[in-house]
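One structure below.
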Amino acid sequence: SNSMQNVDLTNCDREPIHQLGRVQSYGAMIAVSSDWIIQHASENLTSILGVSVDDVSGQPLNRVLDTNGFERIRENMRHVQSPDSVVRLFDVPLRTNNQKFDVSFHQSGMHLIIEFEPKTEQAGRDVSAEVFAQIAKLRHPKNLNDLTQRAATAMAELCGFDSVMVYQFQPDHSGEVLAEVRSDKAQRYNGMRFPASDIPVQARALYKRSLLRLIADVKDEGSPIIPQTTMSGVPIDLSLSVTRSVSPIHIEYLKNMGVQASMSVSIMKDGELWGLFACHHDSPRYIDYERRTAIELFAHLFSYEISNFEDAARKSVEVESSKVQNLLMSHMAAGEPLANALRSIHEDIKSVIDHDGLVLIEDEEIYTAGATPSKEQLSRIARHLNRTINSRVFHTDKLLKFDEFGHEYEKVSVGMLAIPISKRPRDYMLLFRKPVTAHVNWAGDPNKPVTVGPNGVRLTPRQSFDVWQQTVEGQSAPWTDAQLHAAELLRVTLLEVYLKITDAANLERK
Ligand code: BLA
Numbered sequence: 025s026n027s028m029q030n031v032d033l034t035n036c037d038r039e040p041i042h043q044l045g046r047v048q049s050y051g052a053m054i055a056v057s058s059d060w061i062i063q064h065a066s067e068n069l070t071s072i073l074g075v076s077v078d079d080v081s082g083q084p085l086n087r088v089l090d091t092n093g094f095e096r097i098r099e100n101m102r103h104v105q106s107p108d109s110v111v112r113l114f115d116v117p118l119r120t121n122n123q124k125f126d127v128s129f130h131q132s133g134m135h136l137i138i139e140f141e142p143k144t145e146q147a148g149r150d151v152s153a154e155v156f157a158q159i160a161k162l163r164h165p166k167n168l169n170d171l172t173q174r175a176a177t178a179m180a181e182l183c184g185f186d187s188v189m190v191y192q193f194q195p196d197h198s199g200e201v202l203a204e205v206r207s208d209k210a211q212r213y214n215g216m217r218f219p220a221s222d223i224p225v226q227a228r229a230l231y232k233r234s235l236l237r238l239i240a241d242v243k244d245e246g247s248p249i250i251p252q253t254t255m256s257g258v259p260i261d262l263s264l265s266v267t268r269s270v271s272p273i274h275i276e277y278l279k280n281m282g283v284q285a286s287m288s289v290s291i292m293k294d295g296e297l298w299g300l301f302a303c304h305h306d307s308p309r310y311i312d313y314e315r316r317t318a319i320e321l322f323a324h325l326f327s328y329e330i331s332n333f334e335d336a337a338r339k340s341v342e343v344e345s346s347k348v349q350n351l352l353m354s355h356m357a358a359g360e361p362l363a364n365a366l367r368s369i370h371e372d373i374k375s376v377i378d379h380d381g382l383v384l385i386e387d388e389e390i391y392t393a394g395a396t397p398s399k400e401q402l403s404r405i406a407r408h409l410n411r412t413i414n415s416r417v418f419h420t421d422k423l424l425k426f427d428e429f430g431h432e433y434e435k436v437s438v439g440m441l442a443i444p445i446s447k448r449p450r451d452y453m454l455l456f457r458k459p460v461t462a463h464v465n466w467a468g469d470p471n472k473p474v475t476v477g478p479n480g481v482r483l484t485p486r487q488s489f490d491v492w493q494q495t496v497e498g499q500s501a502p503w504t505d506a507q508l509h510a511a512e513l514l515r516v517t518l519l520e521v522y523l524k525i526t527d528a529a530n531l532e533r534k
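Residue numbers for the sequence shown follow the working numbering, so the first one is 25 and each next one is one higher.
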């Protein structure tokens, strides 16, 4: 029964991390029904608010909280309306003493969940001023590396963690560390790849809705919510809770990494999770909710900086492309056939979209330049394209995946970008790339994200994060977004050129 099959990684994806029924010790929570009656509370209410769960359960909230505090929550109830909104209030008096709290509240099913963290005197002062000062340091980056490196430095100053990384998700949901700033000045994970299973699917989905989590102490057992299940018999949904205790599997992961506190902040772009700031500390570390909120704001502004940077990169590709377009037009205006014109501007195209071989297929004729498959292979590729692609640009970094005869030309051309330039007959411009050997440095063997623990077969994140090098062969360099954008522009140009040629031919015929 305890076979290895039972520990497949999908088990990880199924852990209900939003229903673990505990909060971390730095905060306490109360869940009230729509009539403000307290239905659930965390056990540590006693130490944080000075009243026990037994004392307050079944009581209206305004009988437990200080009037000023209760009124501030009530006044801000209108902000809870929109889905997934979490309302933040800072320095709120909740009891009749002088203690102030940072408060977060949101709607979860039938309950309003209210969380509060005691505020210390010096905490949270002038944090927005800090955020604007730090974001100003990100202006005019030289490249994406420079931008992420500066962002990591800024984040380290805002949060004071020993280590800050900018982690970017890849299309296969693995991730790469783009920048790393450490107080010991070492470079431990920079450039390394982490497997997708390190942040399972439900965690990635949750981190799109709830943008920051602080695990203040991996040794903290947290505090259970009482009672554990609601009237309908399910654990309360803590998806948007800011004091939520996290998965014990992930705690084990952090311990294996030698980390005592962790904070991660989602970096969103175009509604998707682009990456995370991953912050680690060698000892327990708590930072207050007001500062965490400022940090979230910083991450938000950083994502605009990424967009700005990418827009600028797109613009420069457009400028380069229009130069190529003008060149092509002038060759054509001089009466050169398309194939010759393309050959003459081969190098100019190369400077925008790097490649090793160029092919034009026009009216069943095949013209080549540079390293390409043979003509026979090319007509087979063309037939395949006719069957499979529409009028859009097609690209692959591994022709083998696309064509059963791929192995015949894999040593010469393994990457292909196909630009359709007319509808009938199917004509193409094809760009080919040679295979390159790539080395991927993984933080630990990605084939063993789960090992067999001392207690037999059970889920245990990998023990070692030492570099494990993977050699990838038989693939070309990837076609980048900017290059694909340039290809799209080239497609439009070629289509225009093509139409002009046919128009001219038609005129001659008349
Ligand atoms: C969560 N995993 C996470 C989080 C990070 C990582 C950042 C968010 C919580 C946090 O802020 O610490 C992973 N941390 C990383 C990575 C880097 C880093 C990749 O610093 C690289 C720089 N983890 C496993 C396996 C499982 C697993 C095998 O390795 C499942 C069996 C689970 N990781 C896991 C779960 C969570 C998680 C369940 C969600 C924790 C939660 O929010 O409750």
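Quick reminder that beta carbons are idealized off the backbone N, C-alpha and C, glycines included.
- The stretch 430-447 makes contact with the stretch 457-468; the number of CB pairs closer than 8 Å reaches 3 or more.
- DSSP, read as helix, strand or coil, puts I330 in helix.
- Under the three-state reduction of DSSP, A395 is assigned to coil, being neither helix nor strand.
- Sorting V104, T120 and T177 by C-alpha distance to the C-alpha of S128 places V104 at the top.
- Contact between the stretch 272-280 and the stretch 485-497 is present, with at least three C-beta pairs closer than 8 Å.
- For R174, no beta strand (DSSP E) run applies; the uninterrupted alpha helix (DSSP H) run containing it begins and ends at L168 to C183, by DSSP.
- Taking 8 Å as the upper bound for CB-CB distance, I311 and C183 are in contact here, some 6 Å apart.
- In terms of Cβ geometry, I54 and I41 do not form a close pair [threshold 7 Å].
- Across the structure, D150 and F156 are spaced so that their CA atoms are roughly 11 Å apart.
- The count of Cβ pairs closer than 8 Å, one atom from the stretch 220-236 and one from the stretch 256-267, reaches three, so the stretches are in contact.
- The beta carbon of V270 lies closer than 6 Å to those of I239 in the same chain, with the five residues before and after it left out.
- The shortest C-alpha to C-alpha distance from N92 to any of S415, M179, T120 and A506 is the one to T120.
- Close CB contacts of K399 within its chain, under the 6 Å cut and outside five residues either way in sequence, are with I390 (chain order).
- In the DSSP annotation of this structure, H103 is not part of any alpha helix (DSSP H), being labelled neither H nor E.
- A buried status is given to L366, since no fewer than 16 other beta-carbon atoms sit within 10 Å of its beta-carbon.
- Cβ-Cβ separation between D427 and Q499: approximately 15 Å, too far for a contact (criterion under 8 Å).
- One alpha carbon belongs to C36, the other to P224, and they sit about 6 Å apart.
- Judged by pairs of C-beta atoms under 8 Å, the stretch 520-529 touches the stretch 346-357, as three or more such pairs exist.
- Put simply, the stretch 109-116 does not touch the stretch 240-247. Fewer than three CB pairs are less than 8 Å apart.
- According to the DSSP secondary-structure assignment, W492 is paired through a beta bridge with W466.
- Within 6 Å of the C-beta of F429 there is not a single heavy atom belonging to the ligand BLA.
- Contact between the stretch 289-304 and the stretch 186-196 is present: three or more C-beta pairs spanning the two stretches fall below 8 Å.
- DSSP, read as helix, strand or coil, puts Y191 in strand.
- Annotated three-state conformation of Q158 is helix, per DSSP.
- The residues P165, L168 and L171, in chain order, have a CB closer than 7 Å to that of F333 in the same chain once the five nearest residues on each side in sequence are set aside.
- In this structure V417 touches L441 by the C-beta definition: roughly 7 Å separates them, less than 8 Å.
- Counting the other Cβ atoms within 10 Å of the Cβ of A336 gives fewer than 16, which makes it exposed.
- CA-to-CA, the gap between A203 and L402 works out to about 42 Å.
- A distance of 7 Å or more separates the beta carbons of K293 and S340.
- The distance from the Cβ of H379 to that of L455 is about 4 Å, consistent with a contact at the 8 Å cut-off.
- Excluding sequence positions up to five before and after N68, its CB lies within less than 7 Å of the CB of S49, A52 and S247, all in the same chain and listed in chain order.
- In the structure shown, the three-state DSSP call for S132 is strand.
- According to DSSP, residue pairing for I249 in a beta bridge involves S66.
- The residue among V116, M101 and T144 with its C-alpha nearest the C-alpha of I137 is M101.
- In the DSSP secondary-structure assignment, R268 is bridged to V47.
- When C-alpha distances from R309 are compared across Q211, L321, E296 and M287, the shortest belongs to M287.
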